[in-house]
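Q:
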Amino acid sequence: MIKRAGGLTAFAYPAGASLKRIPETTEQADTSLKRQLQRLQGSMGGDSAGINNTLLQQSNQNDYVGIHLEKVLQDPGSKYDLFIQNGDVLDVPRQLQTVQVEGQVLYPVTTPYDEGRGIKYYISQAGGFSLKAKKRRLYVVYANGYVRSTSGFLFFRHYPQVEPGSQIFVPVKPEGRKMSAAEVLGLSTGAASLTAVILTIISLVKK
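All the letters of the sequence shown, read from the start, carry residue numbers 1 to 207 under our numbering.
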């Protein structure tokens, strides 16, 4: 298809090429949405507001298929060379020069891409993490549609690499369940009873 279109121009950015594929049926679209909702519930807990905001921001990405156009051009017919379906739209952008930082940061921003800089640099450009940020769930959406999440072991985190056109998203930390009035009263009563027992034991020991 690229050859039939006359090839890429000198200003093309093949690493950021994306393939938009419209679901064939409403049922397929619903299934895709359910899978995405389950994934978000697992990572964001019961924070419905955060989930809704995330779904809204990702609504334009739901139908994109991650591709590696550079590898397709280098090795036609390989596993990366997908079959084109009716209605597919292949988008090859101009050279991208910015990175977006969204979600739980102090000042969501689009900042110039600086080669060699990592996640922390771009987070600092957005003012840093907010108090509600769930840092270990941070993920990056690349221009070609692929997504990479943060991995970690014990206290160490490995953040995804940042490329031109990347979108860094920091999800919200789910709120802990608040104690009910009855639970607070029960806890207070228990503490008072324990204090009384301790004082009684101390008085008996002194005798």
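Backbone N, C-alpha and C fix where the C-beta goes; we use that ideal spot for every residue, glycine too. Since the structure is predicted, the reported quantities are computational estimates derived from the model, not experimental observations.
Are the beta-carbon atoms of Pro-112 and Ala-143 separated by less than 8 Å?
A: Their beta carbons are not under 8 Å apart, which means Pro-112 does not touch Ala-143 by this criterion.
Q: If distances are taken between C-alpha atoms only, which option among Lys-135, Glu-163, Arg-157 comes closest to Val-141?
A: Checked all of Lys-135, Glu-163, Arg-157; the closest Cα to Val-141 is Glu-163.
Q: So, under 8 Å CB-CB, Gly-16 and Gly-165 are touching, yes? Tell me the CB distance rounded to an integer number of Å.
A: Right, their Cβ atoms sit about 5 Å apart.
Q: Nearest by alpha-carbon distance to Val-105: which of Phe-169, Gly-118, Tyr-139 is it?
A: Considering only alpha carbons, the answer is Phe-169.
Q: I'd like to know whether the C-beta atoms of Gly-87 and Gly-145 end up nearer to each other than 8 Å.
A: No, Cβ-Cβ distance for Gly-87 and Gly-145 is not below 8 Å.
Q: Helix, strand or coil for Val-72 per DSSP?
A: Val-72: helix per DSSP, three-state reduction.
Q: Looking only at C-alpha atoms, which of Gln-167, Val-99, Glu-183, Arg-136 sits nearest to Leu-154?
A: It is Arg-136 whose Cα lies nearest to the Cα of Leu-154.
Q: In the DSSP assignment, find the unbroken alpha helix (DSSP H) run with Ile-22 in it and report its ends.
A: Premise fails: Ile-22 is in no alpha helix (DSSP H) and is neither H nor E.
Q: Check for me: the alpha helix (DSSP H) holding Tyr-122 runs from which residue to which?
A: Its alpha helix (DSSP H) spans residues 119-125.
Q: Starting from Gln-167, trace the beta strand (DSSP E) both ways and give me its first and last residue.
A: Element bounds for Gln-167: 167-170.
Q: Taking DSSP's pairing of strands, which residues face Thr-110 in a bridge?
A: According to DSSP, Thr-110 bridges with Gln-100.
Q: Compute the distance between the beta-carbons of Lys-134 and Lys-173, then report whether it is under 8 Å.
A: For Lys-134 and Lys-173, yes; Cβs fall inside 8 Å.
Q: Between Pro-71 and the rest of its own chain, which residues show a CB-CB distance below 6 Å, the 5 nearest in sequence each way excluded?
A: Before going further, note that residue 71 is Lys rather than Pro in the sequence given. Counting only Cβ-Cβ distances below 6 Å, and skipping sequence neighbours, we find Tyr-80.
Q: Exposed or buried, Phe-11, counting other C-beta atoms within 10 Å across all chains shown (16 or more means buried)?
A: When all chains shown are included, Phe-11 counts as exposed.
Q: Measure the CB-CB distance between Tyr-13 and Gln-95 and report whether it falls below 8 Å.
A: Going by C-beta atoms, Tyr-13 is nearer than 8 Å to Gln-95.
Q: Can you check which of these residues, Leu-90, Gln-167, Lys-132, is closest to Val-109 by C-alpha distance?
A: That would be Gln-167, whose Cα lies nearest to the Cα of Val-109.
Q: In the DSSP assignment, what residue or residues form a beta bridge with Phe-156?
A: According to DSSP, which records beta bridges pairwise, Phe-156 is partnered with Phe-153.
Q: Take the Cβ of Leu-204 as the centre, count every other Cβ of all protein chains shown within 10 Å, and call the residue buried at 16 or more, exposed below.
A: Exposed, since its Cβ has fewer than 16 Cβ neighbours within 10 Å.
Q: Leu-90 bridges to which residues according to DSSP?
A: Paired residues: Leu-19.
Q: Going by C-alpha distance, which of Lys-20, Gln-85, Leu-90, Tyr-64 is nearest Gly-7?
A: Answer by Cα proximity: Leu-90.
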